[in-house]
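Just so you know, the protein sequences line up as chains A and B, in that order. Numbered per my numbering, the first sequence spans residues 1 to 241. Numbered per my numbering, the second sequence spans residues 242 to 547. Notes follow once the structure below has been shown.
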Amino acid sequence: MVTLTIDGREVRAEEGKVLLEVARDNRIDIPALCQHDSVAAYGACRLCMVEISRKGREKLVASCLYPAEEGLVVKTDSPRVIHVRRTVTELLLARCPDSEVLQDLARKLGIERPRFSLEEGNHKCILCALCTRACEQVVGASAISLANRGTARQMATPFHAFSEACIACGTCAEICPTRAIDINDVGDTRIIVMPNVTMEFKLKQCSVCGSYWAPERQLEHIIRQAGLPDNAFDKCPDCRD
Amino acid sequence: MDKQTVYIPRLASTKERFAPGHRACIGCGEALAVRLVCKALGDNVIIANATGCMEIVSSQLPYTSWTVPWIHTLFENTAAVASGMESGLKAMNRKGVKSLPGVKVVAMAGDGGTSDIGLQALSGALERGHNFLYVCFDNEAYMNTGIQRSSSTPYGASTTTSPAGKVSVGKFSWKKNMPAIAVAHNVPYVATASPSYFKDLFSKVKKAVAVNGPAYLHVLSVCPVGWRSAPELSVRMGRLAVQTGMFPLYEVENGKYKLSMDLPKLRPVADYLKLQGRFRHLTQDMIQEIQRRVNEEYAKLKEKAA
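Right, dumping it as structure tokens:
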């Protein structure tokens, strides 16, 4: 355990735990969009920047990546932090003006309109990579990834086409902080709309009650991974004995 | 919604606010419901909990399962205590005693503490418009005192105070429609939920605490002991209750009904009833009667949501 100071409060934390978690454990709120407990930290959105001072030197760090250290002094609401947080929000909002989540955040920070010119038609994606990280680390499918660099960077399926590795589980849509991925079940089809591609998947029909209860590809994935017989999922969970 | 049950649960927070080690019975649907509701609520919350199963099992001196501020209240005054907490927080804020931004006040009670004993306090709190969430965990009888019928017990269920026999069909009246009573108070948000549909439950809890004003959430909590059902079927029973139309999932935002699940065809109620010992004595005629009533109520609900 180490002792550090956050906003004038002395707190104790496990060594190596990141500042964002330590702050949240102590009910100090730091906004963050690209952080999620179920995937490794990444530091993409830069909203969680805080000011730290060690040995008389001050600097800004991303609190979702910076580990707690003995004697560290952290400020989460200094003028410099607020300034950076506002600028980051303005930049994100200029990129995704239609995102309700960013609009809410901007309102909280008192931003009426970003000073940067607004981009059009970029489908709410802020490139936080939560979807691609979840696809790789939570599901193990790696069906989507970030492609290109710089301003051309985008979340994409291989060759911008139907992803053969996708099992249609919907984890990417669930984890997306700005709801840039849409998922919808219509009859026997699941439609996943990503910023650059729309994919359709067949749903499996229960042999007893006839309901469409899960995507076929997801069940095939589970059968493959767990070594189950091919007919393991012919019935839905409610019709199984 | 119900088709995303394998990978998405892995995204849920692993932090428990309703800690394990409590004394709930094996297969308890209510403990599961409380745990999921607490997960969705987060840390910034004060809970007033009525007497009932959850209070008994979670707070045996000197232990507690609650990692958030928690007050045990009587059966009848849960909503009144929650009202007081909400007013107290407001007053502290106004007088500058202490500012506690974003603290949510939540009242939790069973079906007895809600639809029977606590109804007048709840009605008062809803009418006064306190900014709080009331969650009713409905296991359809007074389970912790030994399965006595409540007004939330469904028609035909055999309990210790409505035993089925030669002259009795079990409970002789229909289940009280508690969400409709809450809707009649013109509150901003009323919803029904089931822990078997965890994603739906999560989003409803989050919506309910976000609204400004009173919100009411009615959660069906399967009770294997009182319902005489197999403990391993609790989650499936929750799903069957929804799929048969016995406990439809819907939300009412500012008086506007919306069904949470699109069910093209209801399952026969017998699928749900036959798994429960409390309905074991029902004859075909009675099951037909229940089916007729369920169809009628569901059609009414669909009409409201149209």
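Glycine residues also receive a C-beta, built at the ideal position from the N, C-alpha and C atoms.
Spatial neighbours of residue i in its chain, beta-carbon cut-off 8 Å, leaving aside the 5 residues before and after
i	result
I144/A	C131, T132, C135, M155, A156, T157, S163, C166, C172 and M194
V81/A	M49, V50, E51, L60 and K75
M242/B	Because the pLDDT at M242/B is just 49, under 50, the model does not fix this residue reliably, and the point stays unresolved.
N453/B	N372 and P429
A40/A	R133 and Q137
T400/B	A382, I388, Q389, R390, T394, G411, K412, G467 and R519
E119/A	A94, R95, C96 and P97
K543/B	L500
N141/A	This sequence places Ala at residue 141/A; Asn is not what is there. These residues qualify, in order along the chain: C135, A165, C166, I167, C169 and H221.
D7/A	I28, V74, K75, T76 and D77
S117/A	A94
A540/B	none
Proximal residues of chain E, C-beta to C-beta of residue i below 8 Å
i	result
I388/B	In summary, chain E is missing from the structure at hand, where the protein chains are A and B.
Residues sharing a beta bridge with residue i, DSSP
i	result
I222/A	Paired residues: none, contrary to the question.
W311/B	I288/B
P158/A	DSSP output for P158/A lists no bridge partner at all.
A434/B	V460/B
S53/A	E58/A and V73/A
Y383/B	Q389/B
M199/A	I192/A
Y212/A	Q205/A
Y498/B	V493/B
D182/A	V193/A
R12/A	T3/A
T355/B	Answer is none; T355/B lacks a bridge partner.
P67/A	V18/A
C294/B	Per DSSP, none; premise fails for C294/B.
V346/B	I287/B
Test item: CB-CB of residue i and residue j under 8 Å
i	j	result
S444/B	K416/B	no
E327/B	V346/B	yes
R217/A	F201/A	yes
V138/A	L277/B	no
G343/B	N285/B	yes
A547/B	Y491/B	no
A350/B	G337/B	no
E90/A	P67/A	no
V483/B	S409/B	no
G397/B	G353/B	no
P31/A	V101/A	no
A44/A	A129/A	yes
D379/B	L461/B	yes
G262/B	S306/B	yes
V242/A	R46/A	Residue 242/A cannot be examined here, being either before or after the span of chain A that is shown, 1 to 241.
L228/A	A214/A	no
E58/A	T3/A	no
Sequence-distant residues of the same chain with beta carbon closer than 7 Å to residue i, five excluded per side
i	result
K235/A	C206, S207 and V208
A232/A	I223
T355/B	L363, C377 and M419
C239/A	C206, V208 and C209
N427/B	G496
L19/A	V50, S63, Y66, A68 and V74
Q517/B	W468, R469 and S470
V84/A	M49 and L60
L474/B	L516
Anticipated Cβ contact below 8 Å, residue i with residue j, distance rounded
i	j	result
F520/B	P455/B	Not a contact, Cβ separation roughly 34 Å.
A289/B	V322/B	4 Å
G486/B	V431/B	About 19 Å separates the two Cβ atoms, so there is no contact after all.
T314/B	A291/B	6 Å
L33/A	I126/A	7 Å
Q532/B	P505/B	Incorrect: roughly 17 Å between the Cβ atoms, too far for contact.
N184/A	H160/A	That pair is no contact at about 21 Å.
6 Å Cβ shell around residue i - same chain, five flanking residues per side excluded
i	result
S38/A	V138
V450/B	K345 and L374
V22/A	A13 and A68
C279/B	R258 and F259
Near the ligand ATP: residue i beta-carbon under 7 Å from a heavy atom
i	result
S391/B	Looking for the ligand ATP in the displayed structure turns up nothing, as the structure carries no ligands at all.
Tell me which residues of the region 153 to 180 of chain A have at least one Cβ-Cβ distance to chain B shorter than 7 Å, keeping chain order. Within the region 153 to 180 of chain A, the residues whose Cβ lies closer than 7 Å to some Cβ of chain B are C169, G170, T171, E174 and I175, listed in chain order.
Using a beta-carbon distance cut-off of less than 7 Å, what residues from the region 337 to 357 of chain B approach chain A? Here the close residues number zero.
Output needed in chain order: residues of the region 436 to 449 of chain B with a Cβ under 7 Å from some Cβ in chain A. For the region 436 to 449 of chain B, which is checked against every Cβ of chain A, not one residue is closer than 7 Å.
At a CB distance below 9 Å, what residues from the region 7 to 25 of chain A approach chain B? Give them in sequence order. So the list reads R24 and D25, given in the order they occur along the chain.
Taking beta-carbon pairs under 9 Å, can you tell me which members of the region 519 to 538 of chain B lie near chain A? Taking 9 Å as the upper bound on Cβ-Cβ separation, chain A lies near no residue of the region 519 to 538 of chain B.
Taking only beta carbons into account, state which residues of the region 222 to 239 of chain A come closer than 8 Å to chain B, listed in chain order. If the cut-off is 8 Å between Cβ atoms, the region 222 to 239 of chain A has I222, P237 and D238 near chain B.
Residues in the region 280 to 292 of chain B having any Cβ partner in chain A nearer than 9 Å: Taking 9 Å as the cut-off between beta carbons, the residues of the region 280 to 292 of chain B near chain A are D284 and N285, in sequence order.
Going along the chain, which residues of the region 244 to 259 of chain B sit with their C-beta nearer than 7 Å to a C-beta in chain A? Residues K244, Q245, V247, Y248, I249, R251, L252, S254 and T255.
Taking only beta carbons into account, state which residues of the region 26 to 37 of chain A come closer than 9 Å to chain B, listed in chain order. From the region 26 to 37 of chain A, only R27, D29, H36 and D37 have a Cβ closer than 9 Å to chain B.
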